[in-house]
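Number of protein chains: 4
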Amino acid sequence: MIILLKDKVNEKQVTNLTNWLEHSGFQLHISKGAHQTIIGLIGDTSRVDMDLISSLDIVDRVQRIQEPFKSANRKFHEDDTVIDVGGVKIGGGHFQIIAGPCSVENREQIISVAQAVKRGGAGMLRGGAFKPRTSPYAFQGLHEKGLELLKEAKAATGLPIVTEIMEAAHLPLFEDVDVIQVGARNMQNFELLKELGQTRKTILLKRGLANTLEELLMSAEYIMAGGNNHVILCERGIRTFETYTRNTLDLSAVPVLRKLTHLPIVVDPSHGTGHAEYVPAMAMAATVAGADGLIIEVHNDPPHALCDGKQSLTPEQFEALAKRIEAVRPYAVR
Amino acid sequence: MIILLKDKVNEKQVTNLTNWLEHSGFQLHISKGAHQTIIGLIGDTSRVDMDLISSLDIVDRVQRIQEPFKSANRKFHEDDTVIDVGGVKIGGGHFQIIAGPCSVENREQIISVAQAVKRGGAGMLRGGAFKPRTSPYAFQGLHEKGLELLKEAKAATGLPIVTEIMEAAHLPLFEDVDVIQVGARNMQNFELLKELGQTRKTILLKRGLANTLEELLMSAEYIMAGGNNHVILCERGIRTFETYTRNTLDLSAVPVLRKLTHLPIVVDPSHGTGHAEYVPAMAMAATVAGADGLIIEVHNDPPHALCDGKQSLTPEQFEALAKRIEAVRPYAVR
Amino acid sequence: MIILLKDKVNEKQVTNLTNWLEHSGFQLHISKGAHQTIIGLIGDTSRVDMDLISSLDIVDRVQRIQEPFKSANRKFHEDDTVIDVGGVKIGGGHFQIIAGPCSVENREQIISVAQAVKRGGAGMLRGGAFKPRTSPYAFQGLHEKGLELLKEAKAATGLPIVTEIMEAAHLPLFEDVDVIQVGARNMQNFELLKELGQTRKTILLKRGLANTLEELLMSAEYIMAGGNNHVILCERGIRTFETYTRNTLDLSAVPVLRKLTHLPIVVDPSHGTGHAEYVPAMAMAATVAGADGLIIEVHNDPPHALCDGKQSLTPEQFEALAKRIEAVRPYAVR
Amino acid sequence: MIILLKDKVNEKQVTNLTNWLEHSGFQLHISKGAHQTIIGLIGDTSRVDMDLISSLDIVDRVQRIQEPFKSANRKFHEDDTVIDVGGVKIGGGHFQIIAGPCSVENREQIISVAQAVKRGGAGMLRGGAFKPRTSPYAFQGLHEKGLELLKEAKAATGLPIVTEIMEAAHLPLFEDVDVIQVGARNMQNFELLKELGQTRKTILLKRGLANTLEELLMSAEYIMAGGNNHVILCERGIRTFETYTRNTLDLSAVPVLRKLTHLPIVVDPSHGTGHAEYVPAMAMAATVAGADGLIIEVHNDPPHALCDGKQSLTPEQFEALAKRIEAVRPYAVR
């Protein structure tokens with residue numbers, strides 16, 4: 072971390088600052104120029120409150136050199152993290168497709184989709200029981216009933232289940248859930264992240280619509296700071312001015328995150344594009360870009376899905392796509 | 072709402088759709104062109120799930136004509152809503168400045184700031200007890216202790232208190248809080264919004280970093296759908312590519328919201344700009360643009376504030392600014 | 072196109088409007104509701120000035136159903152356009168890598184890079200002679216001298232050359248250039264586009280930093296409206312809030328443009344990411360997503376490049392990448 | 072400027088770099104840490120090519136401390152620049168409203184609007200003769216004829232005229248134009264900026280849709296580097312995800328630019344919002360925020376304007392607004 076002092080600060084203030092920093096455990100390198108003094112901090116600066124220092128009277132600017140995340144940082148954990156979800160591994164060369172409907176609608180639907188995606192090659196089943204919807208008047212999911220149906224689908228297929236949580240108070244309901252998803256709108260719901268850090272569940276953390284990759288990693292850090300290292304990161308598109316797609320899928324997030332962190336990275340081309348017809352191109356591209364997995368919406372009857380039908384593949388389309396993904400995997404950039 | 076059907080749909084499918092829509096209580100206007108059929112829906116379409124209809128096989132596109140929000144909509148509630156917070160009114164010509172520190176730090180700090188902002192002309196006291204911070208290693212607020220100190224400051228000054236909630240489970244702690252703030256990162260924490268809809272507390276709802284004004288109104292709708300009409304909307308800056316300011320304060324939100332809704336609108340120039348030196352210009356501009364109030368960070372010792380010191384005014388600066396705001400109020404555009 | 076009239080318009084105004092529209096050659100479908108009248112226009116609405124109609128007193132809103140671009144529209148030209156650049160074809164199944172340095176620096180540099188990229192498998196040579204730089208104090212290119220050196224490199228290798236134009240007045244200098252590039256900052260330099268429409272040169276049109284895909288196609292339309300159909304579209308990243316990458320490469324532009332237009336589509340992963348280390352992943356991903364080509368920066372000595380060295384591959388890296396691209400091409404989604 | 076070297080660079084490379092920097096005329100401050108060496112540069116770094124240095128093998132990162140603009144920088148020119156446009160002054164306490172139609176349409180229109188805005192209190196007349204339009208099929212302006220009509224309007228009213236240039240080759244036509252406008256889409260048309268730098272005309276430089284304030288100042292620097300210091304900066308809204316307004320007017324640009332530069336700053340609330348009904352609130356807000364002027368669209372018959380009628384005020388609305396602006400000016404924050 073580098074601290075740039077303002078022009079013409081008095082000597083005593085500088086000494087006060089440097090004493091305080093040294094007492095805080097940092098090694099300092101001070102460079103005094105004709106006009107500007109620069110202080111370099113050596114040590115674990117991830118725990119330093121930059122806002123605090125940058126608001127000091129004599130400080131002009133503070134610049135980080137190191138990343139502010141630590142547990143998630145590849146620099147301190149060189150090897151890829153491999154997460155084992157009930158025997159299904161993801162990360163470190165293990166690739167998984169998580170597939171299923173946007174919402175769990177009824178027993179027949181979820182079980183038939185689960186069987187179909189398993190046949191198609193999916194390693195896990197997704198399905199929403201609690202649905203975050205912009206409008207209070209839109210379908211909000213089946214809640215507990217939905218979770219029950221997911222468990223039945225798991226029993227019928229053996230697929231681990233992935234489903235979204237919207238509030239820490241619901242945690243007891245998620246005991247039998249294999250992977251708990253934190254949706255884009257809750258990526259910075261820090262209270263929820265802290266509580267998930269207290270569990271040992273695998274967390275699928277989706278990037279927020281307006282969040283940087285650094286903020287995504289800081290949210291992972293919230294979970295990991297609690298002792299839970301089972302975090303899967305998910306790129307699902309960010310909000311831009313473009314309107315032909317629902318969001319702008321930022322695929323470069325894959326190689327960037329690969330460099331910054333050891334955590335597994337999955338891509339959601341369904342929400343990323345919002346249109347079933349664009350899902351295959353983006354799913355294939357994400358695979359080749361080096362993702363550890365994909366999360367794809369599949370519905371037995373997309374036109375009648377209770378949410379997001381427009382972006383869902385049919386089981387047949389999914390099966391065809393999964394084969395192409397399997398074929399292209401050896402070419403992935405890692 | 073207008074439904075555009077695809078080219079060459081068969082007659083039977085169209086009849087199925089129109090029958091279903093009529094049974095759902097809508098009056099229809101159907102226009103059959105050589106290539107395209109257009110269905111106009113008359114009725115309360117705010118409760119229609121557009122995604123559902125647009126995903127139907129025969130539907131090309133769905134376009135709303137009416138806004139999807141209803142309780143918050145000025146069309147159905149022409150007069151400005153006036154909210155009475157313990158005798159302090161806001162909205163409908165009543166203007167209030169909400170001022171105070173980013174975080175409650177200790178008794179002396181909060182009480183002295185409260186007295187200072189009261190002297191300066193503030194109508195309510197703000198102060199964070201639960202702080203949403205990007206990093207798990209940054210100061211997170213004094214929690215219950217902070218709420219207690221706020222109550223002491225209220226007792227000392229008579230100012231109603233405004234403070235942020237981060238989780239519905241904390242609601243019991245907020246019983247004596249006058250205005251509960253929902254922060255930008257929780258604007259679409261729908262579970263929290265629903266629970267706040269069950270209370271009769273005044274809610275200060277901040278716009279999310281990447282949320283449209285329509286989404287802000289839909290989040291207000293979540294609260295109002297529960298029966299709680301005491302909602303104050305807050306523009307606090309959106310995320311763009313510009314870096315000289317912390318966020319981009321979207322002041323045009325004031326006249327746009329004024330037209331769309333009857334709810335009071337306040338502006339936060341402190342978070343909107345992130346720099347104390349830009350706060351006066353934006354506070355004055357917001358006042359003239361027609362805001363019903365402002366929320367301004369004030370700290371007795373900004374350089375040593377535990378968070379956001381950079382954007383806090385000193386009590387002296389606040390007092391000077393409040394006078395200028397008072398002077399310019401008669402020129403506000405309404 | 073659909074025109075929604077305001078509530079309570081008088082009959083005479085409506086008749087005036089409909090008469091005018093019919094005289095303008097449109098077939099109309101009028102649907103009168105209890106509150107709102109809707110007029111549907113059938114005909115070539117790409118030449119209608121929406122702003123003009125939407126500003127009429129009695130009009131509430133105008134919504135396009137058809138795209139506003141015509142020459143570039145796949146609906147009116149189903150087959151992929153194949154462009155022949157001096158014997159090198161692109162589009163309709165023909166895939167080309169355009170490679171070379173950001174800037175032409177000197178004879179030795181451009182000829183050695185040209186030979187290297189040819190060996191590596193590039194089909195065309197890129198190199199900047201006129202460089203758009205944010206700062207007037209940064210290196211601006213060798214201008215005429217740079218164009219001369221490009222021609223020498225073409226003579227030495229047989230590779231067609233691609234280079235950027237910054238002003239229509241420079242056109243005479245570009246007589247021997249095979250593909251004229253319009254950079255992102257000039258995508259809406261309409262005077263330049265019009266002049267290029269008068270030539271029969273192939274134009275490589277890059278998407279602007281804040282431009283939608285529809286605007287990109289409208290800019291192509293400017294060129295095509297002049298009679299020049301040799302347009303190649305280029306996705307090179309848009310500006311967002313993310314800072315780890317120079318821009319956010321919007322790879323979903325590939326399948327979206329594929330659907331909307333018949334023109335060839337290339338992707339620039341060098342500018343899209345801004346870092347050589349992320350280029351391979353994004354180049355591979357773009358190929359699999361169905362791009363017709365790539366444009367990649369290659370420099371014999373990236374650390375000493377006079378511009379954009381950070382994002383340039385070495386000839387060795389390029390050759391290795393080109394082989395991987397060739398291998399993955401059969402898996403491309405089309 | 073600070074140069075951060077990579078870990079473990081060899082001594083000889085460092086010496087090469089520091090020698091080169093010293094020969095380039097910089098004074099250096101070198102700070103060697105256990106892991107990282109930091110080089111501080113003192114001198115005129117606005118002419119340093121950051122990209123070049125940051126791409127060197129041994130360099131990890133380069134951080135500017137000083138702004139990269141110099142002629143436009145308030146640090147080197149403390150007093151506000153006052154520009155005299157044919158006797159009408161702007162900047163340094165002189166405030167002007169520039170008003171008129173989007174496009175010049177015919178003699179009667181432009182003269183009657185010119186007389187009306189003069190009566191209303193405008194100091195200059197705006198009107199487009201060359202119009203940048205997204206679609207090649209939309210009205211493009213009257214060109215030379217439009218410029219002639221503007222001159223007639225100037226003769227009739229005495230108001231200096233402001234009109235947009237779209238290509239350097241058109242410059243001879245602009246000889247009698249008082250203020251040449253560079254539109255948002257041409258803000259980084261560097262060839263045009265360079266040619267304008269060779270004139271001594273006043274240039275009204277509009278911020279691009281996706282350009283930072285630093286880039287706006289760098290574009291001003293292009294003009295000033297040519298010796299033309301008569302530059303007026305214009306905030307006219309940036310592109311974001313919000314759709315209720317045409318653009319997002321970034322009013323905080325006013326105090327930020329005020330601090331960074333000595334050039335006059337005007338605000339365009341017409342393009343900034345896109346709706347006449349929001350213009351008064353934003354015009355008043357911009358005035359109070361400290362702008363040196365406003366540019367407002369006024370049309371005698373907005374519903375029949377050939378472009379942007381939706382955002383134009385009538386002469387009566389303009390006159391009423393100008394009076395309110397005059398009244399609020401004493402409260403402006405400077």
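Chains as they are written, first to last, in this note's numbering: chain A, 72 to 405; chain B, 72 to 405; chain C, 72 to 405; chain D, 72 to 405.
Beta carbons are placed, not taken as given, at the ideal position from N, Cα and C, and that holds for glycine.
The structure displayed is predicted, hence computed values, not measured ones.
- Residues of the stretch 122-143 of chain D with a Cβ closer than 9 Å to any Cβ of chain C, in chain order: D122, L123, S125, S126, L127, D128, I129, V130, P139, F140, K141.
- Within chain C, the residues whose beta carbon sits less than 8 Å from that of S102/B are H100, I101, S102, I109, G111, listed in sequence order.
- For A356/A, the enclosing alpha helix (DSSP H) begins and ends at 350-360.
- DSSP, read as helix, strand or coil, puts G279/C in coil.
- Taking C-alpha positions only, L99/B is separated from T89/B by approximately 8 Å.
- Residue pairing of H370/D in beta bridges, as defined by DSSP: absent, with no partner found.
- Remark: C-beta atoms of E348/C and C173/C do not approach each other more closely than 8 Å.
- Here V233/B is not near M289/B, since their CB atoms are 8 Å or more apart.
- Taking T273/A as the centre and dropping the five residues before and after it, the same chain places the C-beta of I154, V156, V250, H301 closer than 6 Å to its C-beta, in chain order.
- Any Cβ of chain B closer than 8 Å to the Cβ of S117/D would place that residue at the interface, and such an atom is absent.
- At a Cβ-Cβ threshold of 8 Å, R256/B and N260/A count as neighbours.
- Considering only beta carbons, no part of the stretch 365-384 of chain B lies closer than 7 Å to chain C.
- In the three-state reduction of the DSSP assignment, M195/D falls in the strand class.
- As the crow flies, the alpha-carbon of V359/D is around 56 Å from that of Q388/C.
- In the three-state scheme derived from DSSP, where H, G and I count as helix and E and B as strand, R190/B is classed as helix.
- Between F147/C and chain B, the shortest Cβ-Cβ separation is not below 8 Å.
- DSSP places L92/A in the uninterrupted alpha helix (DSSP H) bounded by 82-94.
- Rounded to whole angstroms, the Cβ separation of L230/D and A185/D is 6 Å, and the two are in contact under 8 Å.
- Contact check for R278/D and L264/D: beta-carbon distance about 14 Å, past the 8 Å limit, so the pair fails to qualify.
- Look at L320/D: its C-beta is under 8 Å from a C-beta on chain B.
- In this structure, DSSP gives H375/B a helical state, which the three-state scheme calls helix.
- Two segments are said to touch when three or more pairs of C-beta atoms, one from each, lie closer than 8 Å; by this definition the stretch 120-134 of chain C does not touch the stretch 308-320 of chain C.
- Only those residues of the stretch 277-295 of chain C whose C-beta falls short of 9 Å from the nearest C-beta of chain A are listed: A281, N282, T283, L284, E285.
- Residue-level contact check: Y349/D touches chain B, since one or more beta carbons of chain B fall below 8 Å from its beta carbon.
- D150/B counts as exposed, since fewer than 16 other C-beta atoms from the protein chains shown sit within 10 angstroms of its C-beta.
- Distances from the CA of H370/B to each of M353/B, G111/B, V80/B, V175/B were compared; the closest alpha carbon is that of V175/B.
- For T311/B, the chain C residues whose C-beta falls within less than 8 Å of its own C-beta are F312, listed in chain order.
- With at least 16 other beta carbons inside 10 angstroms of its own, H342/B counts as buried.
- The contact set of P335/B on chain D, defined by CB atoms closer than 7 Å, is empty, because the minimum CB distance reaches about 16 Å.
- From the beta-carbon of A360/D, the residues of chain B found nearer than 8 Å are A352, M353, M355, A356.
- When secondary structure is reduced to three states using DSSP, G111/D falls in the strand class.
- In the three-state reduction of the DSSP assignment, S206/A falls in the coil class.
- Residues of chain A with a Cβ closer than 9 Å to the Cβ of I73/D are, in chain order, I73, L75, I109, Q134.
- The residues F201, K202, R204, in chain order, have a CB closer than 8 Å to that of Q211/B in the same chain once the five nearest residues on each side in sequence are set aside.
- At a cut-off of 4 residues, the continuous stretches assigned as alpha helix (DSSP H) that sit fully inside the stretch 113-191 of chain C are 121-125, 178-191.
- Around the Cβ of G199/D, a 10 Å sphere holds 16 or more other Cβ atoms; the residue is buried.
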